[in-house]
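Taken in order, these protein sequences are the chains called A and B. For the record, in the first sequence the residue sitting at position 164 is 164 according to the working numbering, with numbers rising by one throughout. For the record, in the second sequence the residue sitting at position 214 is 1214 according to the working numbering, with numbers rising by one throughout. Okay, structure first, notes after.
There are 2 protein chains.
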Amino acid sequence: MKPAVAAARPPKRCTDCALRVQTCFTQVSATDLTWIETFRSGTRAVPAGQSVFAEQSKISQLFTVYSGWAFRYKTLADGSRQILNFLLAGDLVGLQAEFANKATHGVEALTDVQLCVFPQDGLWSLFQSQPQLGYDITWLSASNEYLVDENLVTVGSRNAEQRVAMLLIDLWRRAERLGLAAPDGSIAFPLTQQHIADALGLSLVHTNKTLRKLERLGLHAIAAGRLRLLAPGALAHMADYYATPMRPVPLL
Amino acid sequence: MKPAVAAARPPKRCTDCALRVQTCFTQVSATDLTWIETFRSGTRAVPAGQSVFAEQSKISQLFTVYSGWAFRYKTLADGSRQILNFLLAGDLVGLQAEFANKATHGVEALTDVQLCVFPQDGLWSLFQSQPQLGYDITWLSASNEYLVDENLVTVGSRNAEQRVAMLLIDLWRRAERLGLAAPDGSIAFPLTQQHIADALGLSLVHTNKTLRKLERLGLHAIAAGRLRLLAPGALAHMADYYATPMRPVPLL
DNA sequence: CGACCCTTTGAGGGCCGTCAAAGGGGGTGG
DNA sequence: CCACCCCCTTTGACGGCCCTCAAAGGGTCG
């Protein structure tokens, strides 16, 4: 029995939100914040490995990740799974379903996950009464597209070494930005090699061999569920990674 | 000298828009329509092969494709180009740049293209005064993400035959929906095999061999710049393609 | 201790990339 | 009107990256 990953529930009051305090999130006005609080229909905890919502399912909710890791995926008829991107604190999911009538992809928890839940049918009234929040949601949607764009380039144009390097850099940066890096520069790394393979369009075996290769080269280390980048510059060079400055991001 | 592809300019008045008449677009109120017209800063024609905007460029405009074909792409250091998705009439581009400060990808015209141009710095006032339009833009953004999601699955999880089949079906469906299919069921097909290769993450040579294979199997025919699907069912089965019902889409 | 999941490694093969070169069609200039 | 050029398409040969199959090793939990 694992020691329950005591991920704290989101507080009852959004004014007490431990996430929004982070400098990586944009400031929001007091009125907008109270509006968010009334808009929020509740919270939800999903244990590691469980589904947040399934592909093709009818969902009527939007979710913001409060803590933990998750991922979006699609499955093909032969059972192969493509991971579209990983979700960390602050990420918004469920918007596509608003426009497609049902979930166009599944979402699964990698670790125990805490979510803030919003009703989809309140979205229109949000746009009407709180244009700033509507604008923020559009921002988040465009950011999501950017993430997938990047992943498409990785899967379409990079070889196995470069793909793995990209994934490691990208996840590390995103986690670090959220203050999830330990003093030693390591971050929790809950992915199995199967997850990495599914995200990068590689086989499990080749993913393993590539990871070992980068590790032998001294570029990174994964141990005890933690990732450390030992040579970020070399990784970035290998992956043809261009660091883009990170701007504060809105949080719903 | 080609006979100029006489793609008509968008009319001066949005009320005369030849595109919005299509049933695939949602109805918009008269007031919203006049607002769109004043929001629009002009139109722009881009000849085939020319850039609409370059990667990394600072742009301060949003574009709606009025007619013609274009594509979004990113380039790596080794010069390889990944096409993210193709753009047809009604598609909106430039939103990502609003949030990243510069273009995160390039856009290039495949055919002569006519664009409606909107100022980016008017976006916030749009959200404030016309919430319905803000909502529509979010819809379009989420739809774009859906497109890229699908392409990521194709490139990450399908073999060459399936990728080509997916591309042909997808482009045909999107064009047909816009009323671009001829009575014989063919659509204009301005892509070179290099474009297909760059979109699918395949080499030019292998793209050619795969196209010829599907053609020899009688699944499709490309001739005189036109594509016809000769066996849509077989193509869909090969590609593991699930037809999703198409809903009316907003148009900015 | 055994079951299960994940990781790791080896062997062999196939899909697809690279290299090379010929063929076709349209535009341009002689 | 023909020659030439350029771009795109097409085909063959060969090699390599990555997939599949197979099996062993380690860690955790019942």
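Heads up, the beta-carbon is just placed ideally off N, CA and C, and yes, glycines get one too.
Original post:
In chain order, what residues of the same chain lie with their CB nearer than 8 Å to the CB of D1213 of chain B, ignoring the 5 residues before and after it?
Top reply: Here residue 1213 of chain B refers to the residue found at position 213 of the second sequence. What sits at residue 1213 of chain B in the sequence shown is Lys, not Asp. Once the five neighbours on either side are set aside, the close Cβ partners of K1213 of chain B are E1161.
Original post:
Taking Cβ-Cβ distances below 7 Å as the criterion, which residues of the segment 1128-1156 of chain B are in contact with chain A?
Top reply: Q1128, P1131, G1134, Y1135, I1137, T1138, W1139, S1141, A1142, S1143, N1144, E1145, Y1146, V1148, D1149, N1151, L1152, V1153, V1155 and G1156
**OP:** Could you tell me the distance, in whole angstroms, from the CA atom of E37 of chain A to the CA atom of Q96 of chain A?
**Re:** Mapped onto the first sequence, residue 37 of chain A falls at position 37. Mapped onto the first sequence, residue 96 of chain A falls at position 96. E37 of chain A and Q96 of chain A: Cα-Cα distance of roughly 22 Å.
**OP:** Would you tell me roughly how many angstroms separate the C-alpha atoms of V1093 of chain B and G1042 of chain B, rounded to the nearest one?
**Re:** Your numbering for residue 1093 of chain B matches position 93 in the second sequence. Your numbering for residue 1042 of chain B matches position 42 in the second sequence. Approximately 15 Å, taken between the alpha carbons.
Original post:
How would you write the range of the alpha helix (DSSP H) that Y242 of chain A sits in, first residue to last?
Top reply: The residue you call residue 242 of chain A lines up with position 242 of the first sequence. Note, Y242 of chain A: premise wrong, no alpha helix (DSSP H); not H, not E.
Subject >> Three-way DSSP call (helix, strand, coil) for A1236 of chain B in this model >> reply: Taking the second sequence and counting its residues from 1, the one referred to as residue 1236 of chain B is at position 236. A1236 of chain B: helix per DSSP, three-state reduction.
Original post:
Does DSSP classify G1225 of chain B as helix, strand or coil?
Top reply: By 1-based counting over the second sequence, the position of residue 1225 of chain B is 225. Looking at G1225 of chain B - three-state DSSP - the assignment turns out to be coil, as it is neither helix nor strand.
Original post:
Are at least three pairs of beta-carbons, each pair with one atom in the segment 1018-1037 of chain B and one in the segment 1069-1080 of chain B, less than 8 Å apart?
Top reply: no
Original post:
Do the CB positions of F1063 of chain B and G1106 of chain B come within less than 8 Å of each other?
Top reply: Working through the second sequence from its first residue, we reach residue 1063 of chain B at position 63. Working through the second sequence from its first residue, we reach residue 1106 of chain B at position 106. Not closer than 8 Å, so no.
Original post:
Are K102 of chain A and Q56 of chain A touching if we call contact CB-CB under 8 Å?
Top reply: Within the first sequence, numbered from 1, the residue matching residue 102 of chain A stands at position 102. Within the first sequence, numbered from 1, the residue matching residue 56 of chain A stands at position 56. Yes, Cβ-Cβ distance for K102 of chain A and Q56 of chain A is below 8 Å.
Original post:
For I83 of chain A, which residues from the same chain have a beta carbon less than 6 Å from its beta carbon, with the 5 sequence-adjacent residues on both sides left out?
Top reply: Here residue 83 of chain A refers to the residue found at position 83 of the first sequence. Same-chain partners within the cutoff: F71, Y73, D198 and A199.
Original post:
Ordered along the chain, which non-local residues of its own chain (more than five positions away) have a Cβ less than 6 Å from that of A1004 of chain B?
Top reply: Residue mapping note: residue 1004 of chain B aligns to position 4 of the second sequence, counting from 1. Because the pLDDT at A1004 of chain B is just 40, under 50, the model does not fix this residue reliably, and the point stays unresolved.
Original post:
For Y242 of chain A, does the count of other Cβ atoms within 10 angstroms reach 16, so buried, or fall short, so exposed?
Top reply: Residue 242 of chain A sits at position 242 when you count from the first residue of the first sequence. Flag for Y242 of chain A reads exposed.
**OP:** Could you confirm whether any beta carbon from chain A is found closer than 8 Å to the beta carbon of A1070 of chain B?
**Re:** Here residue 1070 of chain B refers to the residue found at position 70 when the second sequence is read from its first residue. A1070 of chain B does not count as touching chain A.
Original post:
Which residues in the same chain have their Cβ closer than 8 Å to the Cβ of S1129 of chain B, if we skip the five residues on either side of it in sequence?
Top reply: Position 129 of the second sequence, counting from 1, holds the residue named residue 1129 of chain B. Within the same chain, S1129 of chain B has close Cβ partners W1035.
Original post:
Relative to the alpha-carbon of P1232 of chain B, which residue among B:R1013, B:V1046, B:L1171 and B:D1078 has its alpha-carbon at the smallest distance?
Top reply: Taking the second sequence and counting its residues from 1, one reaches residue 1232 of chain B at position 232. Considering only alpha carbons, the answer is B:L1171.
Original post:
Which of the residues in the segment 81-97 of chain A, read from start to end, lie with their CB under 7 Å from any CB of chain B?
Top reply: Q82, L84, L95 and Q96
**OP:** Take L983 of chain B and list the residues in its own chain whose beta-carbon comes closer than 8 Å to its own, dropping the five residues that flank it on each side.
**Re:** No answer is possible for residue 983 of chain B: it lies beyond the span of chain B, which begins at 1001 and ends at 1252.
**OP:** Examine the Cβ distances between the segment 1124-1140 of chain B and the segment 1173-1187 of chain B and report whether three or more of them are shorter than 8 Å.
**Re:** no
Original post:
Between which two residues does the beta strand (DSSP E) carrying T1038 of chain B extend?
Top reply: Locating residue 1038 of chain B in the second sequence gives position 38, where the first residue counts as 1. Counting along the chain, T1038 of chain B falls outside any beta strand (DSSP E), though it belongs to the alpha helix (DSSP H) covering A1030 to F1039.
Subject >> DSSP beta-bridge partners of E1108 of chain B >> reply: Along the second sequence, one-based indexing puts residue 1108 of chain B at 108. DSSP lists B:S1051 and B:F1071 as partners of E1108 of chain B.
Subject >> Host alpha helix (DSSP H) of F1099 of chain B (start-end) >> reply: Here residue 1099 of chain B refers to the residue found at position 99 when the second sequence is read from its first residue. Taken as a continuous stretch (DSSP letters only), the alpha helix (DSSP H) holding F1099 of chain B covers L1095 to A1100.
**OP:** Examine the Cβ distances between the segment 135-153 of chain A and the segment 1133-1153 of chain B and report whether three or more of them are shorter than 8 Å.
**Re:** yes
Subject >> For R20 of chain A, the three-state DSSP class (helix, strand or coil) >> reply: Numbered from 1 along the first sequence, position 20 holds the residue referred to as residue 20 of chain A. Correct three-state label for R20 of chain A: coil.
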